[in-house]
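Visitor: Submitted below is the structure of interest, expressed as C-alpha cells.
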Amino acid sequence: MALNELTIHAARTGLQAKQFSSTELVKACLARIKQTESKINALITVCEPSALREAKKADQNGYQPSVASRQPLAGIPLVIKDIFSTKGIKTTAGAKLLANYVPVYDATVVTRLKHAGAIILAKANLDAWAHGSSGENSEFGPTKNPWDLSRVPGGSSSGSAASVAADQCLAAMGTDTGGSVRLPASFCGVVGLKPTYGRVSRYGAIALASSLDSMGHLTKDVTDAALILQITAGPDGRDATMPDQPVPDYQKNLSPPLKNLTIGSLLPAKMAPPLKKIYQQALTVLAKQGAKMISVKLPHLDFAIAAYYLIMSSEVSANLARFDGTRFGADRQKFGAEAKRRIMLGTYALSAGYYDAYYRQALKVRTLIAQDFAQTFTKVDLIATPVSPELPFKLGEKTADPLKMYLSDLLTVPANLAGLPALSIPSGYVKQLPVGIQFLGPLFSEAKILQTAYHYEQQAPWQKKRPRL
Ligand code: GLN
Numbered sequence: 004m005a006l007n008e009l010t011i012h013a014a015r016t017g018l019q020a021k022q023f024s025s026t027e028l029v030k031a032c033l034a035r036i037k038q039t040e041s042k043i044n045a046l047i048t049v050c051e052p053s054a055l056r057e058a059k060k061a062d063q064n065g066y067q068p069s070v071a072s073r074q075p076l077a078g079i080p081l082v083i084k085d086i087f088s089t090k091g092i093k094t095t096a097g098a099k100l101l102a103n104y105v106p107v108y109d110a111t112v113v114t115r116l117k118h119a120g121a122i123i124l125a126k127a128n129l130d131a132w133a134h135g136s137s138g139e140n141s142e143f144g145p146t147k148n149p150w151d152l153s154r155v156p157g158g159s160s161s162g163s164a165a166s167v168a169a170d171q172c173l174a175a176m177g178t179d180t181g182g183s184v185r186l187p188a189s190f191c192g193v194v195g196l197k198p199t200y201g202r203v204s205r206y207g208a209i210a211l212a213s214s215l216d217s218m219g220h221l222t223k224d225v226t227d228a229a230l231i232l233q234i235t236a237g238p239d240g241r242d243a244t245m246p247d248q249p250v251p252d253y254q255k256n257l258s259p260p261l262k263n264l265t266i267g268s269l270l271p272a273k274m275a276p277p278l279k280k281i282y283q284q285a286l287t288v289l290a291k292q293g294a295k296m297i298s299v300k301l302p303h304l305d306f307a308i309a310a311y312y313l314i315m316s317s318e319v320s321a322n323l324a325r326f327d328g329t330r331f332g333a334d335r336q337k338f339g340a341e342a343k344r345r346i347m348l349g350t351y352a353l354s355a356g357y358y359d360a361y362y363r364q365a366l367k368v369r370t371l372i373a374q375d376f377a378q379t380f381t382k383v384d385l386i387a388t389p390v391s392p393e394l395p396f397k398l399g400e401k402t403a404d405p406l407k408m409y410l411s412d413l414l415t416v417p418a419n420l421a422g423l424p425a426l427s428i429p430s431g432y433v434k435q436l437p438v439g440i441q442f443l444g445p446l447f448s449e450a451k452i453l454q455t456a457y458h459y460e461q462q463a464p465w466q467k468k469r470p471r472l
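So this is what it looks like as C-alpha cells:
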C-alpha cells in the first residue's frame with residue numbers, strides 16, 4: 004500500500020514503528036496530488052514547502068510514546084476546507100472576493116489540529132461561501148468526482164471529500180450547515196461526520212449560517228473520525244454557543260459490542276430501487292449484530308428544505324454584510340450569483356412586513372422538526388436514513404435550476420435544523436458509484452453513532468474500495 008493511501012491510525016503506527024518518516028508520508032501525498040489534481044481539482048492551495056518543513060520537524064522530534072500522547076497527530080498530513088482561517092495561508096472560501104485574503108490567525112479547529120501535531124498539506128476547494136451541494140459554485144472551477152470525472156463529488160466540502168477519496172491526503176476537515184460534509188462523503192465513498200451543534204468550535208471558520216454551522220471532517224474510516232473528533236471537540240472560550248459538555252473517550256468506546264440498540268429506519272418515498280436495496284442491506288447488517296429495527300416517520304420532514312433555505316438565507320444576508328469592501332479588499336460586485344440570490348432572499352425574508360410570514364414561520368417549523376426528533380428518540384437510540392435519494396449527478400445537470408439543486412439536501416438539513424450529530428458511511432455501490440447511509444442521534448450522541456458505524460464497517464468494509472484514477 005502506498006503511504007498516501009493509509010488511514011491516520013495506520014500511518015501513526017507506521018511512524019511509531021519507524022517503518023517510514025513523516026517526510027516520506029508527505030512526499031507520497033504531494034506526488035499523488037501532482038498525479039491526480041489536474042483531473043479532480045480538489046485543492047485551491049497546496050502548502051508544499053511548509054508541509055515538508057513541518058514533516059522534517061516532526062521526524063526530528065520522533066514518535067516515541069511521550070510525544071505520541073501529547074501529539075496524537077504528529078507528522079500526519081491533513082487537508083483543510085478553504086473556509087477555515089489559516090494563519091499566513093490564503094483562505095478564499097471558494098470565492099474570488101477573498102482571492103487574496105491571508106488571515107492573521109488560525110481557526111480554533113486548526114489550532115487544535117496543529118497542537119496535536121498535524122501538518123497542513125493543502126486547502127480544499129468548495130462551493131463559494133459553502134453555498135451548494137455539488138461543488139459547482141466554486142469560483143475556482145468545480146471539483147470532479149474521483150469515481151467518475153463527469154459527475155459531481157457533492158458539496159460544499161467537495162474538495163475535502165474528493166481529496167480523501169483520491170488518497171491525496173489521510174483525512175480532511177469540512178463544514179456542514181445543511182449536509183456539506185455528509186453529501187460529499189456519500190458521493191465520494193468516504194466517512195463524513197457532522198458533530199452536534201456546539202460540539203466543535205466555529206471560531207475562525209468563515210460563517211455560512213451561524214445557527215446551523217457545524218465543523219466536521221472526512222476520513223477513510225470510522226476510527227479516524229473518532230480520532231479527529233477527540234481533538235477538535237470541547238468548549239472554546241471563543242465560541243459562546245458551546246455548552247460545557249464533557250468530551251467522552253470516543254476511541255475507547257468504538258469496539259465494545261452494541262447492546263440493546265434500537266434503530267429507527269426512515270426511508271423517503273422517492274428512492275430508486277437499487278439505492279433502496281443498498282439501504283435495506285445495510286440495515287440487515289446491523290440487525291445481524293442484534294440491533295432492533297423499527298420504522299419511524301418525521302411528520303414535518305417535508306417542510307425541512309423550505310425552512311432551511313429561509314433560515315439559512317436570512318443568516319447569510321447578515322453574515323455576508325461584513326464583506327463590504329472596507330476590510331477584505333474587494334467590493335460586493337464580486338459576489339457570485341448564488342451568494343447574491345441568498346443575500347436577496349434572506350434580506351427579503353427578514354424585512355418588515357415579511358418577517359412574520361417567512362422567517363418567523365420557518366423558525367416555528369424548525370422547532371417542530373426538533374420536536375419530531377425528540378419524540379422519535381424516546382423510542383429509538385439512532386435513526387438510519389439514506390444520505391441522498393439519488394446517485395452523484397452529472398456536472399451541469401442541476402446548475403440551471405437552483406430549486407432542483409436545493410432538493411439534494413432533503414435528508415441532510417433536518418439534522419442541522421435540530422442541531423443533531425449525524426454520520427455518513429459508505430454502504431455500497433451502484434454502477435461503480437458510491438452510496439452512503441446516514442446515522443443520526445440525539446444531541447451529543449457522537450459516541451453511540453461512531454460505535455454503531457464502527458461495527459457496521461467491521462462487517463461491511465465498503466470504505467476500503469478506492470476509485471481508479
Ligand atoms: N447544500 C446546502 C446549501 O447549499 C448546504 C451547504 C452546507 O452544508 N454548507 O446551503
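The sequence shown runs 4 to 472 under this note's numbering. By construction, the Cβ of each residue, glycine as well, lies at the ideal position given by its N, Cα and C atoms.
Quick one: is the Cβ of Gly219 within less than 7 Å of any heavy atom of the ligand GLN?
Guide: no
Visitor: With 16 other CB atoms within 10 Å as the buried threshold, where does Asp216 fall?
Guide: Asp216 counts as buried, since no fewer than 16 other beta carbons sit within 10 angstroms of its beta carbon.
Visitor: Between Gly444 and Thr388, what straight-line distance do the alpha-carbon atoms span, to the nearest angstrom?
Guide: 11 Å
Visitor: In this structure, what does DSSP give as the bridge partners for His220?
Guide: Met176 and Leu196
Visitor: For the beta strand (DSSP E) containing Ile281, name the first residue and the last one.
Guide: In the DSSP annotation of this structure, Ile281 is not part of any beta strand (DSSP E); the continuous alpha helix (DSSP H) holding it starts and ends at Pro276 to Lys291.
Visitor: Ile314: buried (16+ other C-beta within 10 angstroms of its C-beta) or exposed?
Guide: buried
Visitor: Taking only three categories from DSSP, how would you classify Lys397?
Guide: Looking at Lys397 - three-state DSSP - the assignment turns out to be strand.
Visitor: May I ask you to verify whether the stretch 155 to 175 touches the stretch 184 to 191, counting CB pairs closer than 8 Å and requiring at least 3?
Guide: Verdict: yes, contact present.
Visitor: Does the distance from the C-beta atom of Glu318 to that of Ser213 stay below 8 Å?
Guide: In contact: Glu318 and Ser213 (Cβ atoms closer than 8 Å).
Visitor: Any heavy atom of the ligand GLN closer than 7 Å to the CB of Ser354?
Guide: no
Visitor: Pro198: which of Leu81, Gly399, Ala229 and Leu286 sits nearest, CA to CA?
Guide: Ala229
Visitor: Comparing alpha-carbon positions, which option in Arg369, Phe376 and Ser316 lies nearest Ala352?
Guide: Ser316
Visitor: Does at least one heavy atom of the ligand GLN sit under 7 Å from the Cβ of Gly182?
Guide: Yes - the ligand GLN has a heavy atom lying nearer than 7 Å to the Cβ of Gly182.
Visitor: Would you say Met176 touches the ligand MG, meaning its beta carbon is less than 7 Å from a heavy atom?
Guide: Of the ligands one can find in the structure shown, namely the ligand GLN, none is the ligand MG.
Visitor: Classify Met4 as helix, strand or coil using the three-state DSSP reduction.
Guide: coil
Visitor: Only counting the same chain, and skipping five residues up and downstream in sequence, which positions put a Cβ closer than 6 Å to that of Val203?
Guide: Hits under 6 Å: Met218, Thr235 and Ala236.
Visitor: Does the stretch 247 to 259 touch the stretch 138 to 157, meaning 3 or more C-beta pairs lie closer than 8 Å?
Guide: no
Visitor: Could you work out which residue in Val112, Ser448 and Asn148 is closest to Met176 when comparing CA atoms only?
Guide: Val112
Visitor: Assuming the contact rule is C-beta atoms closer than 8 Å, Gly422 and Ser430 should be a hit. Round their C-beta distance to whole Å, please.
Guide: Incorrect: roughly 25 Å between the Cβ atoms, too far for contact.
Visitor: When you measure from the CB of Asp85 to every non-hydrogen atom of the ligand GLN, does any distance come out below 7 Å?
Guide: Not one heavy atom of the ligand GLN falls within 7 Å of the beta-carbon of Asp85.
Visitor: Just grab the DSSP bridge partners of Thr474 for me.
Guide: Nothing about residue 474 can be read from this structure; the chain reaches only from 4 to 472.
Visitor: Between the stretch 25 to 40 and the stretch 117 to 133, do three or more beta carbon pairs fall short of 8 Å?
Guide: yes
Visitor: Say whether the stretch 263 to 272 touches the stretch 364 to 374, bearing in mind that this needs 3 or more beta-carbon pairs closer than 8 Å, one atom from each stretch.
Guide: no
Visitor: Report buried or exposed for Pro284, applying the criterion of at least 16 other Cβ atoms within 10 angstroms of its Cβ.
Guide: Note that residue 284 corresponds to Gln in the displayed sequence, not to Pro. So Gln284 counts as exposed.
Visitor: Taking DSSP as the reference, what is the three-state secondary structure of Gly431?
Guide: strand
Visitor: What does the Cβ neighbour count give for Phe225, buried or exposed, with the cut at 16 atoms within 10 Å?
Guide: A quick correction: the sequence has Val, not Phe, at residue 225. A residue is called buried when at least 16 other Cβ atoms come within 10 angstroms of its Cβ; Val225 meets this threshold and is buried.
Visitor: With which residues is Pro80 paired in a DSSP beta bridge?
Guide: Paired residue(s): Ile122.
Visitor: Can you tell me where the alpha helix (DSSP H) with Ser370 in it begins and where it stops?
Guide: In the sequence under discussion, the amino acid at residue 370 is Thr, which differs from the Ser named in the question. For Thr370, the enclosing alpha helix (DSSP H) starts and ends at Gln364 to Thr379.
Visitor: If contact is defined by three or more beta carbon pairs under 8 Å, each pair taking one atom from either stretch, is the stretch 321 to 333 in contact with the stretch 99 to 116?
Guide: These segments touch.
Visitor: Mind listing, in chain order, the continuous beta strand (DSSP E) runs of no fewer than 3 residues lying wholly within the stretch 225 to 285?
Guide: Taking 3 residues as the shortest admissible run, the stretch 225 to 285 contains the following complete beta strand (DSSP E) segments, listed from N- to C-terminal end: 265 to 268.
Visitor: If Val288 sits next to Gln462, beta carbons under 8 Å apart, how far is it from one beta carbon to the other, in whole angstroms?
Guide: 5 Å
Visitor: First and last residue of the alpha helix (DSSP H) that includes Ile452?
Guide: Glu449 to Gln462
Visitor: For Leu414, count neighbouring Cβ atoms within 10 angstroms of its own Cβ and tell me buried if that reaches 16, exposed if not.
Guide: Classification for Leu414: buried.
Visitor: Assign Lys467 to one of three DSSP states: helix, strand, or coil.
Guide: helix
Visitor: Would the C-beta of Met315 count as close to the ligand GLN, meaning under 7 Å from any of its heavy atoms?
Guide: yes
Visitor: So Ala127 packs on Ile83, CB below 8 Å; how close in whole Å?
Guide: Indeed they touch by this definition, with Cβ atoms about 7 Å apart.
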